[in-house]
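To start, the structure itself, in structure tokens.
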Ligand SMILES: C[S@@+](CC[C@H](N)C(=O)[O-])C[C@H]1O[C@@H](n2cnc3c(N)ncnc32)[C@H](O)[C@@H]1O
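Here it is as structure tokens:
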């Protein structure tokens with residue numbers, strides 16, 4: 343894996359601003375507050391954060407001393423440049439025991455070459471992987487988080503099914519994403535972008551295909567789909583509404599002990 347120095351020319355302004363903002367939120371305690379809102383505690387658990395970005399959620403989760411803490415993201419720049427920030431935020435934590443991670447048998451669609459499969463520090467392990475193909479065995483994790491990633495994945499159902507697959511029965515899934523109120527926040531600053539997002543959402547609704555990455559979602563549909571694969575929504579929260587439309591939704595769901603569809 344390359345170091346941040348070598349990534350400098352690939353680090354966009356957007357990446358730099360996102361990383362800075364993420365770690366400011368962590369410092370202010372906003373990240374912990376998000377977890378508390380959904381009543382999430384990672385103590386002693388095997389935890390996976392999918393679409394971890396620069397890893398601010400991982401840093402917050404590491405304070406609970408989970409048994410295992412893994413973050414995956416498709417964006418190598420976030421993984422590399424977030425790493426040193428995570429280390430700074432977690433270096434005072436005590437080490438967890440070394441752990442051999444069960445991996446999925448079939449090869450992943452992304453390169454699997456240098457992934458560390460043994461963790462031996464409180465510092466989370468970061469891997470490059472992409473939904474809907476996670477390189478882990480079925481029923482590996484007690485807690486899977488996937489915050490603000492659903493708007494970016496091409497196929498919601500495939501992504502949610504994969505998240506459910508790696509979750510143990512009785513395990514917790516926490517997801518969040520953007521609802522139809524989200525673009526309204528940006529009307530002043532970006533003008534055409536909110537309109538573009540609405541159009542993309544309509545096309546998604548009619549065709550089932552995501553046109554651009556920021557396609558908005560119907561959070562109720564996501565709850566219904568989770569329910570249909572045996573991951574039962576337990577808590578639903580939205581942080582804000584504009585003109586009656588949800589800006590950001592958060593869902594906590596529990597994988598049922600019995601429904602085999604959740605591991606298909
Ligand atoms: C808006 S950021 C959210 C980051 C972090 N979860 C947070 O709450 O701050 C979306 C993240 O999802 C990642 N992402 C997008 N598509 C993905 C995919 N198919 N699989 C894994 N990660 C993905 C992006 O690289 C980015 O880091």
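Residue numbers (my numbering): 343 to 606. Note that CB positions come from ideal geometry on N, CA and C, so glycine has one too. None of the values given here were measured: they were computed from a predicted structure.
Check whether residue 413 and residue 391 have beta carbons under 7 angstroms apart: Here residue 413 corresponds to residue number 71 of the chain shown, with the count starting at 1. Here residue 391 corresponds to residue number 49 of the chain shown, with the count starting at 1. Cβ atoms of residue 413 and residue 391: closer than 7 angstroms.
Collapsed DSSP secondary structure at residue 510 in the structure displayed: Your numbering for residue 510 matches position 168 in the chain shown. Looking at residue 510 - three-state DSSP - the assignment turns out to be strand.
From 368, 375, 353, residue whose alpha carbon lies closest to that of residue 592: Taking the chain shown and counting its residues from 1, one reaches residue 592 at position 250. With distances taken between Cα atoms, residue 592 lies closest to 375.
Closest by C-alpha distance to residue 466, when choosing among 354, 407, 598: The residue given as residue 466 occupies position 124 in the chain shown. Checked all of 354, 407, 598; the closest Cα to residue 466 is 407.
7 angstroms Cβ cutoff, residue 552 in contact with chain C: Annotation note: the requested chain C is absent from the structure, which comprises a single protein chain.
Minimum C-alpha distance to residue 398 - residue among 387, 360, 416: To locate residue 398, count along the chain shown from 1; it is residue 56. The candidate whose alpha carbon is nearest that of residue 398 is 360.
From 350, 379, 401, residue whose alpha carbon lies closest to that of residue 366: The residue labelled residue 366 in the question sits at position 24 within the chain shown. Minimum Cα distance to residue 366 is reached at 401.
Beta-carbon gap between residue 420 and residue 393 smaller than 7 angstroms: Start at 1 with the first residue of the chain shown, and residue 420 comes out as number 78. Start at 1 with the first residue of the chain shown, and residue 393 comes out as number 51. Result no, Cβ atoms of residue 420 and residue 393 do not sit closer than 7 angstroms.
Check: residue 472 C-beta below 6 angstroms from any heavy atom of ligand 1: In the chain shown, residue 472 corresponds to position 130, counting from 1. Yes - ligand 1 has a heavy atom lying nearer than 6 angstroms to the Cβ of residue 472.
Beta carbon of residue 574 nearer than 7 angstroms to that of residue 580: What you label residue 574 is simply residue 232 of the chain shown in a count that begins at 1. What you label residue 580 is simply residue 238 of the chain shown in a count that begins at 1. Contact: no.
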